Amino acid sequence: MKAFLLFLGVGIALTWAGAATNAPVDKFWPWGKSRDWPAELKVSLVSDRTNYFLGETILLHYRIENVGSSNVIEISVGGDYRGSTRADRFNVTAVSAGGNPVADPTPLMHNFGGGMLPSGGVKPGGDWFEEVYVNEYCHFDVPGTYTIRAFHDLGFGPQQTNDPRRVTLRLELRAPTEDQARTILADAENAKPYSGVTWGHKGEARLDYHCIRWPTFLRPLQERAQRGSEPALEGIASIRTLDASRALVSLLEHTNAAFAAKAAQLIEVRLPHPESEFKGPWGDQRRQFIIENAWDDSLSPPVRDYCVRLLDGTHYGDLLKASSLLHLIGTERELPSLQRALEVAVAQTNAEYLADIHFPAPIRATDALLGAALAINPKLDVVPTGNLSPGQLLLFIARHGGGETVLTKEDEAVFTQALQHPLPCVRMKTLEQLPKNIPASLADWVTSLMLDPNVGVSNYAFEAARRMQEPKHRTIALSVLKTAEDEWLMRAANDIALKYNARYECASIWASRLVAPKHINDYLPHQVIQQLFDIVVGKKTGGDLKIPGDSEAARALSARWQQFLDANQRKISEGQWFKIEELPDDLGIHRSNGSSVTVGR
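Residue numbering for the sequence shown follows the working numbering, beginning at 20 and increasing consecutively.
What follows is the structure, encoded as structure tokens:
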């Protein structure tokens with residue numbers, strides 16, 4: 020229902036590294052510090068019904084009531100969706116009549132904090148409702164009687180013993196027949212439009228197709244999906260059975276190619292995945308979305324045939340879909356199609372690589388196709404004879420470069436060919452795949468590509484230059500810093516120049532680039548002041564920045580910075596740091612207490 024809603028806060032911004040949603044709320048909700056609970060506030064968990072069918076949306080109302088007679092009581096709510104699937108300030112659990120806990124479908128989601136900090140006021144004699152969509156927290160897989168428990172901090176800190184904010188409600192869940200499932204679906208389709216926005220008022224339940232999960236819904240959902248219903252497709256995907264997988268595979272033959280593609284995208288989590296995919300910091304989170312024991316090898320051939328049809332085209336999204344599926348169930352039979360598609364993708368990848376130097380990086384079709392081919396045959400390679408095609412070059416450098424690899428002379432010759440290739444994406448990928456220790460025969464190519472007219476190539480060359488010791492990079496970096504428009508390239512050029520002790524020169528260039536913002540999303544002035552502060556103080560500023568509002572103010576601030584830099588050129592060039600209190604008051608750094616500014620590294 021609210022899958023991965025990115026709550027883009029405008030206003031008070033917080034910086035958090037991210038916290039698992041099964042952590043105590045006070046660990047990552049900074050406004051949840053303990054304070055006394057008002058005796059006038061009463062909390063309860065209410066429902067319009069006492070029984071539900073499995074598969075229906077269970078919407079409960081978390082009611083906060085002010086039974087006092089004089090004061091409006093402020094509560095803190097919301098601001099808890101960024102990077103997660105649900106309202107993370109709620110802790111919602113369920114246990115069966117026999118005391119068995121109900122599984123959490125997504126226990127390891129991460130919430131990145133930040134955004135706005137909403138609050139509401141509960142008037143005397145009034146109430147406030149927060150909605151609890153139980154299916155997002157509990158995966159019910161058997162009918163029965165369940166006790167639902169819900170807790171919200173409401174801005175009063177972590178849960179305490181006998182906490183009045185922790186409330187319960189008992190519900191009866193029944194297994195629907197297929198006819199009853201049809202009725203539920205029909206009622207959902209005929210329900211009046213509803214925005215879902217309540218803000219303190221009771222909401223109205225609408226069927227959450229992502230959380231249906233119950234198998235008797237499958238046949239009526241299939242009938243609707245055949246007619247092109249996307250909600251029905253989502254409903255099928257929520258059912259974790261082999262029959263549901265079979266239904267998704269059958270939809271690959273749908274007459275609407277876009278609809279078939281959406282069905283294909285939902286198949287990937289049902290395929291057998293290697294354990295290696297769940298390594299690393301995000302591995303456990305990735306694993307919880309994989310549907311196990313819902314696939315049979317007999318379903319693989321039609322999926323592979325569908326992928327081959329996609330690979331015959333040129334659409335970026337189709338190439339990614341085919342690669343993601345064949346990466347898991349591909350065979351040698353599909354390798355020629357993957358390699359043909361690679362030749363197509365490499366010719367249209369320039370835009371992907373330009374986007375890749377920003378964040379978040381896109382998934383490149385070239386990398387996806389290469390990954391699928393090498394997953395099928397890890398020994399797949401090309402013989403380095405003659406002029407290799409762009410796709411063959413990418414395959415060769417993928418097999419021979421990167422990490423601690425030591426290139427042979429034959430390898431170096433192929434890498435040299437690739438670094439001169441007319442397609443920017445080939446040059447970029449080659450720079451990216453250079454081994455940690457860059458051979459001397461390739462070092463001059465890295466240096467020359469730092470000035471490549473393609474900003475993507477230049478970015479990757481600067482990244483490779485970080486691993487080199489080449490004094491001439493100082494001059495190149497300063498030249499690029501003067502003219503670059505790309506934020507990431509400017510930072511890379513600054514870092515390389517600082518590596519060769521060009522502190523004063525970098526600071527002077529940054530000062531010369533101080534201009535007023537061109538539009539609301541122009542953060543160059545912020546970057547300039549932050550970089551200047553970093554260069555002279557040696558720490559990142561966490562304080563407020565005074566950004567010039569117009570060109571005249573920008574020129575004046577630039578001049579003040581240059582005056583400060585010129586007056587202290589020797590100290591800066593010799594690598595000495597300034598204390599914060601030594602900086603003039605008019606350099607664009609807000610001093611919150613009149614004498615210092617918050618800093619952090």
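Just so you know, even glycine gets a beta-carbon here, dropped at the ideal spot from N, CA and C.
Only a predicted model underlies this, so the values are computations on that prediction, with no experimental measurement involved.
Neighbourhood of residue i by C-beta, 7 Å cutoff - its chain only, sequence neighbours within 5 removed
{"i": "residue 360", "result": "330, 338, 388"}
{"i": "residue 266", "result": "237, 241, 255"}
{"i": "residue 284", "result": "340"}
{"i": "residue 496", "result": "512, 515, 516"}
{"i": "residue 572", "result": "535"}
{"i": "residue 490", "result": "519"}
{"i": "residue 601", "result": "none"}
{"i": "residue 221", "result": "80, 148"}
{"i": "residue 348", "result": "290, 319, 322, 323"}
{"i": "residue 596", "result": "556, 557"}
{"i": "residue 583", "result": "603, 606"}
8 Å Cβ shell around residue i - same chain, five flanking residues per side excluded
{"i": "residue 305", "result": "296, 297"}
{"i": "residue 362", "result": "408, 409, 410"}
{"i": "residue 554", "result": "517, 522, 525, 526, 529, 591"}
{"i": "residue 397", "result": "none"}
{"i": "residue 440", "result": "409, 412, 446, 449"}
CB of residue i within 9 Å of CB of residue j, strictly
{"i": "residue 536", "j": "residue 515", "result": "no"}
{"i": "residue 407", "j": "residue 431", "result": "no"}
{"i": "residue 469", "j": "residue 499", "result": "yes"}
{"i": "residue 192", "j": "residue 71", "result": "yes"}
{"i": "residue 185", "j": "residue 170", "result": "yes"}
{"i": "residue 435", "j": "residue 412", "result": "no"}
{"i": "residue 200", "j": "residue 259", "result": "no"}
{"i": "residue 81", "j": "residue 155", "result": "no"}
{"i": "residue 419", "j": "residue 433", "result": "yes"}
{"i": "residue 152", "j": "residue 76", "result": "yes"}
{"i": "residue 532", "j": "residue 547", "result": "yes"}
{"i": "residue 87", "j": "residue 144", "result": "yes"}
{"i": "residue 257", "j": "residue 213", "result": "no"}
{"i": "residue 301", "j": "residue 183", "result": "no"}
{"i": "residue 141", "j": "residue 84", "result": "yes"}
{"i": "residue 168", "j": "residue 202", "result": "no"}
{"i": "residue 399", "j": "residue 344", "result": "no"}
{"i": "residue 687", "j": "residue 452", "result": "Given a span of 20 to 620 for the chain in the structure shown, any question on residue 687 remains unanswerable."}
{"i": "residue 197", "j": "residue 235", "result": "yes"}
Residue i in three-state terms, based on DSSP
{"i": "residue 489", "result": "coil"}
{"i": "residue 636", "result": "This structure leaves residue 636 out entirely; the chain is present only between 20 and 620."}
{"i": "residue 167", "result": "strand"}
{"i": "residue 272", "result": "helix"}
{"i": "residue 88", "result": "coil"}
{"i": "residue 455", "result": "coil"}
{"i": "residue 346", "result": "helix"}
{"i": "residue 513", "result": "helix"}
{"i": "residue 107", "result": "coil"}
{"i": "residue 70", "result": "strand"}
{"i": "residue 94", "result": "strand"}
{"i": "residue 463", "result": "helix"}
{"i": "residue 419", "result": "helix"}
{"i": "residue 623", "result": "An answer regarding residue 623 cannot be provided, because it is not within the stretch 20 to 620 covered by the chain."}
{"i": "residue 34", "result": "Reliability of the predicted coordinates at residue 34 is poor, the pLDDT of 31 falling under 50, and the value obtained from them is presented with this limitation in mind. Residue 34: coil per DSSP, three-state reduction."}
{"i": "residue 211", "result": "coil"}
{"i": "residue 148", "result": "strand"}
{"i": "residue 527", "result": "helix"}
Nearest-angstrom Cβ-Cβ length linking residue i and residue j, presumed shorter than 8 Å
{"i": "residue 357", "j": "residue 392", "result": "5 Å"}
{"i": "residue 423", "j": "residue 454", "result": "7 Å"}
{"i": "residue 327", "j": "residue 286", "result": "In fact, because the Cβ distance is near 15 Å, the residues do not count as touching under 8 Å."}
{"i": "residue 224", "j": "residue 78", "result": "4 Å"}
{"i": "residue 157", "j": "residue 107", "result": "Their Cβ separation, rounded to whole angstroms, is 15 Å, which puts residue 157 and residue 107 out of contact at 8 Å."}
{"i": "residue 315", "j": "residue 261", "result": "6 Å"}
{"i": "residue 219", "j": "residue 147", "result": "5 Å"}
{"i": "residue 310", "j": "residue 292", "result": "In fact, because the Cβ distance is near 10 Å, the residues do not count as touching under 8 Å."}
Same chain, Cβ closer than 6 Å to residue i, five either side skipped, listed in chain order
{"i": "residue 480", "result": "450, 465, 468, 469"}
{"i": "residue 394", "result": "346"}
{"i": "residue 414", "result": "401"}
{"i": "residue 605", "result": "579"}
{"i": "residue 110", "result": "170"}
{"i": "residue 207", "result": "226"}
Any C-beta of chain B under 9 Å from that of residue i
{"i": "residue 436", "result": "Protein chain content of the structure displayed is limited to a single chain, and chain B is not contained in it."}
heavy atom of the ligand HEM below 8 Å from residue i C-beta
{"i": "residue 113", "result": "Within the structure as shown, the ligand HEM is missing, as the structure has no ligands at all."}
Is it a yes or a no for the region 94-109 touching the region 271-284, going by three-plus beta-carbon pairs under 8 Å? Judged by Cβ distances under 8 Å, the region 94-109 makes no contact with the region 271-284, as fewer than three pairs qualify.
On the three-pair Cβ rule with 8 Å, is the region 242-255 touching the region 178-187? Verdict: no, contact absent.
Can you confirm whether the region 55-73 touches the region 110-127 when touching is taken to mean that 3 or more C-beta pairs between the two stretches lie within less than 8 Å? Counting Cβ pairs under 8 Å, fewer than three are found: no touch.
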